[in-house]
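Going line by line, the protein sequences match chains A and L. Those letters in the first sequence? Residues 8 to 441, by the numbering used here. Those letters in the second sequence? Residues 8 to 441, by the numbering used here. Encoded as structure tokens, the structure appears first; notes follow it.
Protein chains: 2
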Amino acid sequence: MILTDLATRAYNHNWRLDPVVRSLLDTDFYKLLMLQLIWQRYPDVQVTFELINRSREVRLAEVIPEGELRAQLDHARTLRFTKKELIWLAGNTFYGRTQMFQPEFLAWLADFQLPEYELSVRDGQYVLRFPGPWTHTTLWEIPALSIINELRSRAALRGRGRFELDVLYARAKAKLWDKVERLRAIPDLVLSDFGTRRRHGFLWQAWCVQALKEGLGSRFIGTSNVLIAMEADLEAIGTNAHELPMVLAALANDDDGVREAPYRVLEDWRELYAGNLLIVLPDAFGTAAFLRNAPEWVADWTGFRPDSLPPVEGGEQIIRWWQSKGRDPREKLLIFSDGMDVDSIEATWRHFRGRVRMSFGWGTNLTNDFRGCASSPTTALDPISVVCKVVEANGRPAVKLSDNPSKATGDPREVERYLRIFGREGMVEKSVTV
Amino acid sequence: MILTDLATRAYNHNWRLDPVVRSLLDTDFYKLLMLQLIWQRYPDVQVTFELINRSREVRLAEVIPEGELRAQLDHARTLRFTKKELIWLAGNTFYGRTQMFQPEFLAWLADFQLPEYELSVRDGQYVLRFPGPWTHTTLWEIPALSIINELRSRAALRGRGRFELDVLYARAKAKLWDKVERLRAIPDLVLSDFGTRRRHGFLWQAWCVQALKEGLGSRFIGTSNVLIAMEADLEAIGTNAHELPMVLAALANDDDGVREAPYRVLEDWRELYAGNLLIVLPDAFGTAAFLRNAPEWVADWTGFRPDSLPPVEGGEQIIRWWQSKGRDPREKLLIFSDGMDVDSIEATWRHFRGRVRMSFGWGTNLTNDFRGCASSPTTALDPISVVCKVVEANGRPAVKLSDNPSKATGDPREVERYLRIFGREGMVEKSVTV
């Protein structure tokens, strides 16, 4: 006779909501590093983030019920940093450094709440905007994306039988483990999980992280997800993102100010952080322009994270630049994290082996690869290219060019202006799938 | 915060034993059909069954701790048919027939207990014997085999981490489901589970059966496992086995009696059973000899289960024989169940399609195929060829020849005598892996 666990059963059946986001720490580590900088230097800037679905063929508003989306966003707004979480942020060592976060900043975080959102539907897509103080809207990026992606996964799984789901997850596990076994063959691999924002779901990301921990041992250096880092006793990984140069450029009063913005970001950054956190993200307005105009001291930074050129091309460009500045690339670090999967990790690693230090941030293809796992062919589980970007700062339009015109965001006229300022040198059109 | 289910945890930690066999119904259906015949006609025959490990390279006594084996065998001896089980046997319809089991037989079953066993170790192998009344020792065959096989699986999994086990089962599920998807492409497939005796474990067999149910729908006609048939509301499948002709031949007083034994079995059988239960198992002492000497009425039976010739060869031989007797093979049934897997099922089905009715009994390669599923290469999870056979009846040696000399059992001198009686015609040596 099977004894039913009545308490569990009653609890499961009375869920009002199965939250996608259960903690404000369920975000990428770099958001907290950037937030401390924003809180310190730009407390009065108003910034609007907006959801941008680059996979237009997926009509999100027809896939995810609006009521569900609102319930999840509302739930995220009820979250606060808990005592345990703040104590951990205060007491943990990040990148070898204690007290990464200032006590005043943590005290301020204790009262933090995600601000209101604006949601409407246009042409089958959600128009989801987060206007407000930069110090608050910045933390919407990751939960907004994980909510959208997980609700889409849930919609794709709805109606499938218990057994079908069992097989689906079995296949996804087998598929990921095959990837892990291939990565295991790379002797000096350095890899971390960057898959929070486009994950299939939180529990699945946790499983994937466990797989990397078990399979790669010390070659797996940590996760960008702060909550999972805390729970699984892993290093929290991450530095900075495009929103910093995008906002500073938008705030600039003239073209020179726009041109200088990426370097002002680095100046701000190095006053707060050091060592392995001194990673340059060079492609907000094109890597070629960034390198051409960069001050000498940028070559002193620990490394670069090329984020939109093909990895070999992007890496070679940066290595040439280091060499032109008389630096030895073997002492420098390249972090590859743009749409990587096992093939491109292997190829990139083989290409640069011995010539530069390398680290890989594995994102969507780690935490959301269910392609071929369903019992009947479907694209509903394929990852989509959805982002949540700064669209304006203090009422002015914000722009991202990147090295790949498919990844450019912003008002078209403003994009043209930025292209005049930075030029188109070195840009490579490449379709974006994840 | 994670709320631990204390009751479950305490229960799990206090298990004295995780039983392999939890019910006397956890056996093959044909054992019960045969037992009714034995109980009715041969209540006084003494028969010894013995474990025979044909995979000699696997030294079972070095793999399975003797204490564990004894604990499981002892536990099986504590089992009785429960009221629910007896009521189900009495009330269920088997092969379209109600009251398959006589009330007196079921009343007798209510007091049934597995008899004592003899266990010792010789040259790294267990010598496991079950002497006693045939009416009792016959029911040891299946639990003895499932205990040996599941304890071997458990030994192979011992020391593996929780995560590694998760991946292993995920891979096994993905592997089985790939097989199911291939079988699904066979439009008029008729398939049943015959995998109890060599299963990886009971719960795994239950999963495999569920997979067939979900994946094949009505093409999956049932399971040989009586307990699973009852629990999952499936048809119990099975007819008879080699032990009947082997015992009757051993009891015969002269060579003529030995030669006639297989037909006496069929005469006994058809007095008790009918219809789809009239399946001939022709190969106890060689199919060619069986067909050559068979009385005319054998051609009236519903079908044959060739069990040791390659399927195409065995099937063709039987079809030729039906034709020589003026029977239309398209009205006859062939049941293929000897070491089948998807390749051989597909090939056999294609070969005979439209010429004969076919049914497949899928055994070891259904319920114990973990090859390639472990994270590191191992043979410890590969299935082995272990059987539990009649070795003597009323003190006389029992023999099986089969069509494959690798599957012959019995005292070598006695085997020679049987070969003189039946001849070697049509025998094909073929290595036995499962």
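Note that beta-carbon positions come from the ideal geometry of N, C-alpha and C, so glycine has one too. Just so you know, these numbers come straight off a predicted model, no measurement behind them.
Flag residue i as yes if its beta-carbon sits less than 8 Å from any beta-carbon of chain A, otherwise no.
| i | result |
| --- | --- |
| residue 128 of chain L | no |
| residue 25 of chain L | no |
| residue 95 of chain L | no |
| residue 265 of chain L | no |
| residue 174 of chain L | yes |
| residue 221 of chain L | yes |
| residue 217 of chain L | yes |
| residue 192 of chain L | no |
Run through the DSSP bridge pairs and tell me what residue i is partnered with.
| i | result |
| --- | --- |
| residue 162 of chain L | Bridge partners of residue 162 of chain L: none, in fact. |
| residue 114 of chain A | Answer is none; residue 114 of chain A lacks a bridge partner. |
| residue 59 of chain A | A:394 |
| residue 286 of chain L | L:310 |
| residue 227 of chain L | L:198 |
| residue 416 of chain A | A:407 |
| residue 54 of chain L | L:400 |
| residue 369 of chain A | A:200 |
| residue 16 of chain A | For residue 16 of chain A, which the question treats as bridged, DSSP gives no partner whatsoever. |
| residue 259 of chain A | Residue 259 of chain A is not bridged to any residue. |
Name, please, each residue of chain L whose Cβ falls closer than 8 Å to the Cβ of residue i.
| i | result |
| --- | --- |
| residue 15 of chain A | 12 |
| residue 186 of chain A | Per Cβ cutoff of 8 Å: no residues; residue 186 of chain A is ~12 Å from chain L at best. |
Buried or exposed for residue i, please, with buried defined as at least 16 other CB atoms from any protein chain shown within 10 angstroms of its CB.
| i | result |
| --- | --- |
| residue 34 of chain A | buried |
| residue 18 of chain A | exposed |
| residue 105 of chain L | exposed |
| residue 63 of chain L | exposed |
| residue 333 of chain A | exposed |
| residue 136 of chain A | buried |
| residue 407 of chain L | buried |
| residue 98 of chain L | exposed |
| residue 6 of chain A | Missing from the structure shown is residue 6 of chain A; chain A here goes from 8 to 441 and no further. |
| residue 172 of chain A | exposed |
Taking Cβ positions only, does residue i come closer than 8 Å to chain L?
| i | result |
| --- | --- |
| residue 168 of chain A | yes |
| residue 516 of chain A | Outside the displayed range of chain A (8 to 441) lies residue 516 of chain A, so it cannot be described from this structure. |
| residue 125 of chain A | no |
| residue 181 of chain A | yes |
Listing by chain order, which chain A residues have their CB less than 7 Å from the CB of residue i?
| i | result |
| --- | --- |
| residue 22 of chain L | Result: empty, since nearest Cβ-Cβ is about 14 Å, beyond 7 Å. |
If you check the beta carbons only, do residue i and residue j fall under 8 Å apart?
| i | j | result |
| --- | --- | --- |
| residue 181 of chain A | residue 378 of chain L | no |
| residue 58 of chain A | residue 395 of chain A | yes |
| residue 288 of chain A | residue 249 of chain A | yes |
| residue 290 of chain L | residue 255 of chain L | no |
| residue 413 of chain A | residue 436 of chain A | yes |
| residue 231 of chain A | residue 56 of chain A | no |
| residue 237 of chain L | residue 95 of chain L | yes |
| residue 270 of chain L | residue 313 of chain L | no |
| residue 41 of chain A | residue 300 of chain A | no |
| residue 120 of chain A | residue 87 of chain A | yes |
| residue 336 of chain L | residue 326 of chain L | yes |
| residue 117 of chain A | residue 93 of chain A | yes |
| residue 370 of chain A | residue 201 of chain A | yes |
In chain A, which residues lie with their C-beta within 8 Å of the C-beta of residue i?
| i | result |
| --- | --- |
| residue 261 of chain L | Those within 8 Å of residue 261 of chain L in chain A number zero; the least Cβ separation is about 54 Å. |
| residue 236 of chain L | Those do not exist, as residue 236 of chain L stays about 18 Å from chain A at its closest Cβ, beyond 8 Å. |
| residue 171 of chain L | 221 |
| residue 381 of chain L | Within chain A, no residue comes near residue 381 of chain L; the closest Cβ sits about 11 Å away, beyond 8 Å. |
For a contact meaning CB atoms closer than 7 Å, what does residue i contact in chain L?
| i | result |
| --- | --- |
| residue 213 of chain A | By Cβ distance, chain L contributes nothing, its closest Cβ being about 12 Å from residue 213 of chain A, past 7 Å. |
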